[in-house]
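Add 4 to a position in the sequence shown, counting from 1, and you land on the number used in this note's numbering. Written below as structure tokens is the structure these notes are about.
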Amino acid sequence: MDSWRSTASLLFAVTLVGCAAHADLPSLGAVSDFILTDQTSANFKSDSLAGHVWVANFMFTNCPGPCPRMSSQMREVQAALAGQDVKLVSMTVDPDRDTPEKLAKYAAFYSATPGVWYFLTGPRETLNHLGHDVFKLNSVDGSLDHSTRFVLIDRKSQIRGYYLTSEPDAIQRVIADAKVLLRQPS
């Protein structure tokens with residue numbers, strides 16, 4: 005009987021620690037307003053994300069490195085959070101080549117759900133500003149070198165987490181933390 009109680013107590017404690025780790029997501033800065041162009045050639049205004057939890061990343065369609073893995077991981081996030089109030093936003097670091105048409109093909113290849121997962125392009129200066137100054141991702145500098153982090157943003161446009169996509173549990177943490185934000189009042 006003591007063994008059973010010890011095991012039950014341990015499981016309860018581990019569960020509480022796991023919940024506590026996700027319950028307090030710090031605010032790491034605000035996402036300022038921006039306007040870019042989405043994969044349908046429509047203007048995309050960041051205020052359309054107000055009131056939604058969202059995950060952002062930077063990528064480019066000709067990327068020979070981490071982008072295919074990251075886009076597959078974003079597809080995992082989309083599947084895990086399907087039907088919930090979560091948006092996904094992938095911004096190119098190669099706006100000269102990543103036209104809306106090219107982004108639309110890329111979106112289709114990764115089964116991006118329209119109205120849920122947006123692929124954005126725009127002026128290089130705007131994208132650089134977003135990467136460096138807004139999302140604080142140091143390696144988004146207009147070169148084809150870019151961050152491999154996902155950024156979690158809450159309903160009030162506050163950055164709540166950074167996730168290095170090369171870490172084994174990163175995607176599960178993004179999903180779990182997004183669910184925490186979904187449970188918080190608007």
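Glycine included, C-beta positions come from ideal geometry on N, C-alpha and C. Bear in mind the structure is a predicted one, so any value in this text is a computation, not a measurement.
For the alpha helix (DSSP H) containing N66, name the first residue and the last one. Per DSSP, N66 belongs to no alpha helix (DSSP H) and is neither H nor E.
On the three-state DSSP scale, how would you describe Y167? strand
Give me the Cβ distance between N61 and V155, rounded to the nearest whole Å; I'm assuming they're in contact under 8 Å. 7 Å
S94 (DSSP reduced to helix, strand or coil): strand
Rounded to a whole number of angstroms, what is the C-alpha to C-alpha distance between F139 and I163? 8 Å
Taking only three categories from DSSP, how would you classify Y110? helix
Chain B beta carbons: is any one of them nearer than 8 Å to that of L53? Here chain B cannot be found, since the structure has a single protein chain.
Grouping DSSP H, G and I as helix and E and B as strand, with all else coil, what is D137? helix
N66 versus N47, D98 and S76, residue with shortest Cα-Cα distance: D98
Smallest Cα separation from G87: which of Q77, V120 and K106? V120
Beta-carbon within less than 6 Å of A25's beta-carbon, same chain only, minus the 5 sequence neighbours each way: which residues are those? The pLDDT assigned to A25 is 44, lower than 50, so where the model puts this residue is not dependable; a value taken from the coordinates is nonetheless given after this. Excluding residues within five positions, none has a Cβ falling inside 6 Å.
Could you tell me which of V57, T44 and P72 sits nearest to S170, measuring between CA atoms? P72
Beta-carbon gap between V35 and S161 smaller than 8 Å: yes
What do you get for L168, buried or exposed, if any count of 16 or more other CB atoms within 10 angstroms of its CB means buried? exposed
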